[in-house]
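Asks: Chains A and B supply the protein sequences, listed in that same order.
For the first sequence, numbering that gives the first Met the number 0 begins at 0 and goes up steadily by one.
For the second sequence, numbering that gives the first Met the number 0 begins at 0 and goes up steadily by one.
We put the CB at the ideal spot given by N, CA and C, even for glycine.
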Amino acid sequence: MSVLEDLLYSKDHEWAKLDGNIVTVGITDHAQKQLGDIVFVELPEPDDEVTKGEPFGSVESTKAVSDCFAPATGRVTEVNELLADNPETINSDPYGAGWLMKFEISDRSELDDLLSAEEYEKLLQE
Amino acid sequence: MRYIPHTEQDVREMLDVIGVGSVAELFRSIPESFRLNRPLNLPNALSEAELFAELRRLSEKNRVCGFTSFVGAGIYDHYAPAMVDHILRRSEFYTAYTPYQPEVSQGTLQALFEYQTLISQLMEMDVTNASMYDGATGCTEAVLMARRMQRKRSRVLMARNVHPEFRRVTRTYMTNFLNELDDVGFDATGRLDRADLAKKLNDETACVVVGHPNYFGVLEDLDELAKIVHEAGALLVVTFSEPVAYGILPGPGRAGADIVTGEGQSFLGAMNFGGPSLGIFCTREANVRQMPGRVCGVTTDADGRRGFVLTLSTREQHIRREKATSNICTNQGLCALSATVFLALMGRNGLRRLAELNLAKAEYLKNELKKVKGVELAFSGPTFNEFVVKTSHKPAADIRCDLYGKNLLAGVDLREDYPELGSHLLLCVTESHSRRQIDELVAAFAS
């Protein structure tokens, strides 16, 4: 179960990476393992608004559907088009090529209550 | 898998395995104050002979229908070969439950998969579900699906010449947002009024719903409609209540319909006083995740053998709960099977021949009626096995009443659903009508 050092994590097993004003969001290795083979991803469209704590899309495996929650409020700039035909990328590379979407954050302090890699590891152990 | 009730021994064995003393114990979480603690107030059970006598007594209340009926309007008098019943009444099919356990339901699942395949071919659409309750709820679900697919558009344009029952049921489901539903009128051809459509079609329109054949039996120009609707960014929903028409018509998929849905009763070979019915529902592959209902798929098992399963379950409410595409968690299994056997027996050529017979006989009645003074065709558009006549020498309602006295059911009076069609009758002819019967109807109109 890999947990990358330079990312922020949510209690819902999503990761976020801040780069300037843009936040990239995905689901963690733990999440993809729990879900099993991912067959479909529902994503927003560029320019859609996302709200902290609200679902922005979902990840679907053969046995379950999991809502994905926005770690902060902002405007979607890009979504991962690769996932439309290759949703299994999330299973094979959840932190890299399996990213879900990028959004422009309005208030960076909203990221303050996310977990560090260490805190997330502790959460997984519970 | 056929239904086989548990024996007392089965029950005791199961109770032992889970460590419970009796079936009553399983309900111990229900508070005493809510338990009935007495037998239900029902009459005693009848013996088989007594039951038979009671059913015979009830059946004698029926008035045996000695009428020659020219009524269609959503339920059609077609003949299904005896083989259909023969296969249907096998207990493995007749008493089978929903095939949740594929390992014991391969027969049911394969039949449903074949049903889906046959309908997809007939309608020229990519995917078909395992069926809805009926055409009316199918139409409703199509509208809801179109609204879900069109995230920024929610307005629905519904042709007035779509089956009135389909429209009523859709309105019921849209009760809390009726202001998003608009009717589109029909013109002298009996088809969708293009001018009215152009007026109402805009960038808020999620979908346009038409009938083909529509309630008046008239065929729309689907190619042109699809072009207009798609250009406006809306989806085209094509409904029908007489699928035998597709024995000679190209499937709506060919014109570009996004969702095709309607009533499959014609394939059941029995009118059954109006039910049960068969909701046919098809869409394009790209939309499959928004499609409601059960879907059967083919796959391979752990040993590489072909097998059938219910699939794409994540659309459904037992997984997606309130975000499911629908709350239907069943299908018209037996009716779908019945339709499948019928279609397999008829084959593409047989269905075509059946459709040709229907068309020919309806055209014969149409032409003979045109010769009767005071009777004219209401609409100029092409029709299949149904058409509307307008009577001027005597109100249609009175004519219908007179003919009823002669044991002829002269179609449906359209006044109730279409007040502006005050002296109009919707007549239907199928392969079940003989030339003599058709001539009898014409003569009755002429007198």
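Taking DSSP as the reference, what is the three-state secondary structure of ALA269/B?
Replies: Looking at ALA269/B - three-state DSSP - the assignment turns out to be coil, as it is neither helix nor strand.
Asks: Please tell me whether ARG288/B has its Cβ less than 9 Å away from any Cβ of chain A.
Replies: True, the Cβ-Cβ gap to chain A drops below 9 Å.
Asks: Looking only at DSSP bridge pairs, what is LEU344/B linked to?
Replies: Bridge partners of LEU344/B: none, in fact.
Asks: What residue ranges within the region 129 to 167 of chain B form continuous alpha helix (DSSP H) runs of no fewer than 4 residues, ordered along the chain?
Replies: For the region 129 to 167 of chain B, whole alpha helix (DSSP H) runs of length 4 or above, ordered along the chain, are 134 to 148.
Asks: Hey, THR329/B and ARG293/B: beta-carbon distance below 9 Å or not?
Replies: It is a contact, given that the beta carbons lie within the stated cut-off.
Asks: If you check the beta carbons only, do GLU44/A and VAL24/A fall under 9 Å apart?
Replies: Cβ atoms of GLU44/A and VAL24/A: not closer than 9 Å.
Asks: Along the chain, where does the beta strand (DSSP E) containing PRO249/B start, and where does it finish?
Replies: Segment: none, PRO249/B is in no beta strand (DSSP E) and carries neither H nor E.
Asks: Kindly indicate which three-state DSSP category ASP181/B falls into: helix, strand or coil?
Replies: Looking at ASP181/B - three-state DSSP - the assignment turns out to be strand.
Asks: For the alpha helix (DSSP H) containing PHE112/B, name the first residue and the last one.
Replies: PHE112/B -> alpha helix (DSSP H) spans 105 to 122.
Asks: Just to make sure I have the definition right: I need the residues of chain B whose C-beta is within less than 7 Å of the C-beta of VAL78/A. Which are they?
Replies: Within 7 Å Cβ-Cβ: nothing; VAL78/A doesn't reach chain B, min ~14 Å.
Asks: Got a sec, what are the start and stop residues for the alpha helix (DSSP H) VAL10/B sits in?
Replies: Element bounds for VAL10/B: 7 to 17.
Asks: Using a Cβ-Cβ distance cut-off of 9 Å, determine whether ARG146/B contacts chain A.
Replies: No - not a single Cβ of chain A is within 9 Å of the one on ARG146/B.
Asks: Just to confirm, is the Cβ distance from CYS334/B to GLY263/B under 9 Å?
Replies: In contact: CYS334/B and GLY263/B (Cβ atoms closer than 9 Å).
Asks: Cα separation between PRO242/B and ALA135/B?
Replies: Rounded to whole angstroms, PRO242/B to ALA135/B spans 14 Å at the Cα level.
Asks: Over the uninterrupted beta strand (DSSP E) stretch that includes CYS400/B, give me the two end residues.
Replies: It is not in any beta strand (DSSP E) - CYS400/B instead sits in the alpha helix (DSSP H) that spans 395 to 404.
Asks: Output yes if chain A places a C-beta closer than 9 Å to the C-beta of SER325/B; else output no.
Replies: It does not: the Cβ of SER325/B has no partner Cβ on chain A nearer than 9 Å.
Asks: Considering Cα atoms alone, identify which of GLU203/B, GLY184/B, THR127/B and GLY189/B is closest to LEU196/B.
Replies: Ranking the options by Cα distance to LEU196/B, first place goes to GLY184/B.
Asks: Go ahead and label ASP257/B buried or exposed: buried means 16 or more other beta carbons lie within 10 angstroms of its beta carbon, across all protein chains shown.
Replies: By the 10 Å Cβ count, ASP257/B comes out buried.
Asks: Who are the near neighbours of LEU200/B in its chain, counting only those whose CB is closer than 6 Å to its CB and skipping five residues on each side?
Replies: So the list reads ALA231, once near-sequence residues are dropped.
Asks: Is LEU25/B near the ligand ZN, with its Cβ less than 8 Å from a heavy atom?
Replies: Absent from the structure shown: the ligand ZN. Ligands present: none.
Asks: For PRO242/B, which three-state DSSP category applies?
Replies: Three-state result, PRO242/B: helix.
Asks: I'd like to know if ILE29/B contacts chain A, where contact means its C-beta is closer than 9 Å to some C-beta of that chain.
Replies: It does not: the Cβ of ILE29/B has no partner Cβ on chain A nearer than 9 Å.
Asks: So with Cβ pairs under 9 Å, would you call SER312/B a contact of chain A?
Replies: It does; some Cβ of chain A falls within 9 Å.
Asks: Since ILE89/A and ILE37/A are thought to touch, with beta carbons under 8 Å apart, how far apart are those beta carbons, to the nearest angstrom?
Replies: About 5 Å; that satisfies the 8 Å criterion.
Asks: Would a check of beta-carbon distances place ARG319/B closer than 9 Å to chain A?
Replies: Closer than 9 Å: yes.
Asks: With a cut-off of 8 Å, do at least 3 Cβ pairs link the region 234 to 248 of chain B to the region 207 to 220 of chain B?
Replies: Because the criterion of three Cβ pairs below 8 Å is met, the region 234 to 248 of chain B and the region 207 to 220 of chain B touch.
Asks: Does VAL38/A get closer than 9 Å to chain B when you measure Cβ to Cβ?
Replies: Closer than 9 Å: yes.
Asks: Just how far apart, CA to CA, sit ARG159/B and ASP182/B?
Replies: Using only the alpha carbons, I get a separation of about 6 Å.
Asks: I need the straight-line Cα distance from GLN331/B to GLN115/B, nearest angstrom please.
Replies: Approximately 12 Å, taken between the alpha carbons.
Asks: ALA83/A touches chain B at which residues, Cβ-Cβ below 9 Å?
Replies: Within 9 Å Cβ-Cβ: nothing; ALA83/A doesn't reach chain B, min ~10 Å.
Asks: Mapping DSSP to helix, strand and coil, what is GLU262/B?
Replies: Strand, per DSSP.
Asks: Going by beta-carbon coordinates alone, are VAL155/B and ARG146/B separated by less than 9 Å?
Replies: Taking 9 Å as the Cβ cut-off, VAL155/B and ARG146/B qualify as a contacting pair.
Asks: Quick one, which residues of the region 86 to 100 of chain A are near chain B if we go by CB-CB under 7 Å, in chain order?
Replies: So nothing in the stretch comes that close.
Asks: Can you pull the chain B neighbours of GLU59/A, defined as C-beta to C-beta under 7 Å?
Replies: Those within 7 Å of GLU59/A in chain B are THR313.
Asks: Can you tell me whether TYR60/B is buried or exposed? The criterion is at least 16 other CB atoms within 10 Å of its CB, across all chains shown.
Replies: Looking at the sequence shown, residue 60/B is not Tyr but Lys. It counts as exposed.
Asks: Considering only C-alpha positions, which residue in the set TYR8/A, LEU114/A, PRO93/A and GLU120/A is nearest to GLY35/A?
Replies: For the residues TYR8/A, LEU114/A, PRO93/A and GLU120/A, the minimum Cα distance to GLY35/A belongs to PRO93/A.
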